[in-house]
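Residue numbers (the numbering used here): 34 to 710.
Glycine residues also receive a C-beta, built at the ideal position from the N, C-alpha and C atoms.
The structure under discussion appears below in the form of structure tokens.
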């Protein structure tokens with residue numbers, strides 16, 4: 034991989050023949066595991082300015098209408114999280130001269146607190162072409178990693194490495210973006226001390242980010258002579274697209290036995306082959322009919338933005354016996370075709386290496402760009418789902434990608450419930466797809482089996498015969514990671530927020546090493562542990578499965594307020610949790626000690642003072658925990674372990690986390706993380 038240093042540049046054509054579509058990834062890690070940042074992209078003309086505010090892409094305006102830019106969001110890696118941006122360089126307007134790739138932090142945080150900052154660029158086949166590592170970004174809250182620019186008819190990339198102390202607002206303003214402050218949305222500062230003071234008003238901006246262009250206008254270019262309009266601080270972007278209402282209209286059925294007619298029925302599915310054929314055809318047809326959805330699923334594979342057509346059960350020559358992949362995706366852009374073969378499995382069936390290998394060979398001979406596998410399984414870094422050999426003698430490269438059915442359902446949920454699609458017909462069509470995927474007979478349920486080692490490992494823990502280094506413990510640790518990733522997808526789809534597993538290892542550490550540590554802990558303590566970061570929550574949600582006691586623990590640590598009195602903190606917290614379950618455990622965290630006072634919410638409600646340490650030790654925070662029994666079987670049935678973990682996380686978020694205040698943003702300073710209820 035080509036290594037760039039600060040200020041250096043390189044032509045993309047010199048690195049690969051497949052650079053019409055590229056992926057830029059920004060990576061960082063945090064020593065505390067709490068650091069995060071948001072990426073942003075600016076399209077600049079020859080004057081070094083945006084043509085209008087619509088050329089500024091960030092968390093509230095992630096996709097260009099012409100498909101040239103798409104912010105794909107964060108993806109977990111073996112040692113942290115990676116923010117990815119897809120660029121279709123053939124779709125970039127001709128009057129755009131430069132594309133700036135930046136990131137920003139908020140709440141007073143700066144990039145000097147993060148480690149292992151780097152930019153990587155990969156081509157349309159997914160192969161990493163170059164890397165730019167940043168050693169010392171400094172105490173800045175916004176940072177330009179690099180820029181793509183045109184020179185002599187080709188695209189080049191420059192490693193910039195420039196910081197902005199003025200943050201994202203200062204960076205955007207320098208490039209011509211109009212920033213409009215909404216003074217009316219400022220929160221009034223609450224006076225510390227008395228716990229009976231009213232709760233301060235909060236701004237309309239997202240609480241965990243600065244109030245910068247809360248919504249970007251539709252990507253409309255101004256007519257000749259027309260002055261570009263200033264970006265509104267009122268949220269208008271979401272109104273341009275249609276989402277389904279949260280509450281369904283009252284049914285006109287005579288009684289509950291009447292079932293609505295469905296576009297994609299599942300009652301006739303009798304065999305695994307029927308399920309695979311139906312699921313493939315249903316998914317591919319919806320992808321072709323709904324551009325936002327089709328683009329969402331294929332952008333991460335290096336597909337360009339363009340006219341998409343999909344096909345099922347295509348026969349392709351392969352030696353003496355033709356092969357019939359489950360599907361084919363073709364995207365046409367500027368007279369060029371991007372093609373991917375699709376191999377589908379449902380109902381927990383495993384992908385077959387021989388089939389996938391044959392499709393990789395066919396794709397290489399025919400000049401296709403990718404093979405996409407789709408199954409209930411969840412891919413992990415460093416662990417291929419199928420063992421495929423790549424012929425290095427072939428000039429044409431074929432990328433192998435994987436999607437889980439849980440990822441497909443997540444993207445459908447995000448569009449129809451949170452981000453919106455072009456019209457009501459598209460929203461209804463996505464709703465029908467989601468209903469089909471979630472039906473018990475479709476076979477598209479995502480990861481649903483902890484594997485053959487699950488029962489032997491549990492038995493070994495019960496009778497204390499599980500030895501350190503047992504390979505079965507490693508298999509359970511790997512499947513636990515798959516389960517946690519799927520829980521993140523499902524919860525994120527319901528909330529419309531980023532939910533990501535937290536990685537505590539340094540970047541560059543082998544992903545298998547962290548799984549080995551988890552397996553060792555399982556052998557020693559009989560417990561599995563994971564952490565989830567949910568956008569907009571005041572802490573990290575922890576999940577622990579104790580296989581010795583058969584108990585699941587979901588918990589969150591919230592910091593103590595910076596000002597005020599401990600008794601006021603305790604009273605506010607108890608009032609904030611008025612609707613939380615009575616069996617919620619509340620533990621006071623004390624500096625320099627293993628733990629402080631603890632009790633159930635039911636016991637503490639009449640006496641919040643019982644939360645205060647008797648020795649006057651300094652309180653650092655509070656830990657809120659729920660316990661429940663975990664399923665005994667390895668699968669996703671009602672009694673299964675997978676279902677119990679999913680239910681525990683969703684219940685904890687719905688009954689506990691939703692009652693906690695979001696982290697305060699820079700525009701809504703508040704001295705306390707939980708206000709009076």
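By the 10 Å Cβ neighbour count, where 16 or more other Cβ atoms means buried, how is residue 45 classified, buried or exposed? With 16 or more other Cβ atoms within 10 Å, it is buried.
In three-state DSSP terms, what is residue 176? Here residue 176 sits in strand by DSSP.
Are there three or more Cβ pairs, one per stretch, closer than 8 Å when the segment 298-312 is compared with the segment 409-423? Contact between the segment 298-312 and the segment 409-423 is absent: fewer than three C-beta pairs spanning the two stretches fall below 8 Å.
Does DSSP classify residue 675 as helix, strand or coil? Residue 675 carries a helical assignment under DSSP once its states are collapsed to helix, strand and coil.
Assess, as a yes-or-no matter, whether the segment 173-181 is touched by the segment 445-463 under the definition of 3 or more beta carbon pairs within less than 8 Å. Fewer than three beta-carbon pairs drawn from the segment 445-463 and the segment 173-181 are found closer than 8 Å, and the two stretches are therefore not classed as touching.
May I ask you to verify whether the segment 365-378 touches the segment 321-341, counting CB pairs closer than 8 Å and requiring at least 3? Because the criterion of three Cβ pairs below 8 Å is met, the segment 365-378 and the segment 321-341 touch.
Selection from 595, 293, 317 and 151 that minimises the alpha carbon distance to residue 135: For residue 135, the closest of 595, 293, 317 and 151 by C-alpha to C-alpha distance is 151.
Just to confirm my understanding: we take residue 516, look at its own chain, exclude 5 residues before and 5 after, and list those with CB closer than 7 Å. What are they? Answer for residue 516: 480, 675 and 678, listed in chain order.
Should residue 557 be labelled buried (16 or more other beta-carbon atoms within 10 Å of its own) or exposed? Residue 557 comes out exposed.
Using only CA atoms, which one of 99, 406, 333 and 85 lies nearest to residue 108? For the residues 99, 406, 333 and 85, the minimum Cα distance to residue 108 belongs to 333.
Span of the alpha helix (DSSP H) around residue 526: Note, residue 526: alpha helix (DSSP H), 504-528.
If you follow the alpha helix (DSSP H) that residue 459 is part of, which residue opens it and which one closes it? Note, residue 459: alpha helix (DSSP H), 457-471.
Please name the residue or residues paired with residue 481 in a DSSP beta bridge. Note: residue 481 sits in no beta bridge, so no partner.
Examine the Cβ distances between the segment 37-55 and the segment 125-143 and report whether three or more of them are shorter than 8 Å. Not touching, per the Cβ criterion.
Tell me, to the nearest whole angstrom, how far the beta carbon of residue 61 is from that of residue 148; I am working on the premise that it is less than 8 Å. Going by Cβ atoms, the distance from residue 61 to residue 148 rounds to 7 Å, so yes, they are a contact pair.
Who pairs with residue 396 in a beta bridge, going by DSSP? Beta-bridge annotation (DSSP): residue 396 is not paired with any residue.
Let me check one thing: in DSSP terms, what residues is residue 589 bridge-paired to? Answer is 574 and 657, bridged to residue 589.
Give the DSSP-derived three-state secondary structure of residue 488 in the structure shown. Here DSSP, grouped into helix, strand and coil, assigns residue 488 to helix.
Just to check, is the beta-carbon of residue 510 closer than 8 Å to a non-hydrogen atom of the ligand ADP? Questions concerning the ligand ADP fall outside what the structure shown contains, since it holds no ligand whatsoever.
For residue 354 and residue 388, I'd like the C-alpha separation in whole angstroms. Rounded to the nearest angstrom, the two C-alpha atoms are 12 Å apart.
When 458, 393, 155 and 359 are compared against residue 712, the one with the closest alpha-carbon: There is simply no residue 712 to check, as the chain begins at 34 and stops at 710 in what is shown.
Sub-9 Å separation of residue 121 and residue 71 beta-carbons: Taking 9 Å as the Cβ cut-off, residue 121 and residue 71 do not qualify as a contacting pair.
DSSP three-state assignment for residue 208, whether helix, strand or coil: In the three-state scheme derived from DSSP, where H, G and I count as helix and E and B as strand, residue 208 is classed as coil.
Apart from the five residues just before and just after residue 384, which ones in its own chain have a Cβ nearer than 8 Å to its Cβ? Within the same chain, 376, 378, 406, 408, 410, 418 and 419 come within 8 Å of residue 384 by CB-CB distance, once the 5 residues on both sides are set aside.
Which one or two residues does DSSP pair with residue 342 in a beta bridge? Within the DSSP secondary-structure output, residue 342 pairs in a beta bridge with 363.
What would DSSP say about residue 494, mapped onto helix, strand or coil? Residue 494: helix per DSSP, three-state reduction.
Nearest-angstrom Cβ-Cβ length linking residue 580 and residue 514, presumed shorter than 8 Å: About 16 Å separates the two Cβ atoms, so there is no contact after all.
Based on the DSSP secondary-structure assignment, which residues constitute the bridge partners of residue 434? Paired residue(s): 405.
Which stretch, first to last residue, makes up the alpha helix (DSSP H) that contains residue 545? 544-558 is the span of the alpha helix (DSSP H), which, as asked, contains residue 545.
Does DSSP put residue 299 in a helix, a strand or coil? If DSSP states are grouped into helix, strand and coil, residue 299 belongs with coil.
Selected residue, minimal CA-CA separation from residue 631, among 611, 612 and 652: Residue 652 is the option with its Cα nearest to residue 631.
So, under 8 Å CB-CB, residue 142 and residue 174 are touching, yes? Tell me the CB distance rounded to an integer number of Å. That belief holds up - the Cβ atoms of residue 142 and residue 174 are roughly 7 Å apart, short of 8 Å.
Where residue 285 falls, given that 16 or more other Cβ within 10 Å makes a residue buried: Residue burial is scored here from C-beta neighbours: residue 285 has fewer than 16 other C-beta atoms within 10 angstroms and is therefore classed as exposed.
So what does DSSP say about residue 188, is it helix, strand or coil? Three-state DSSP puts residue 188 in a strand.
Closest by CA to residue 461, which one among 620, 356, 582 and 295? Of the candidates 620, 356, 582 and 295, the one whose C-alpha sits nearest the C-alpha of residue 461 is 295.
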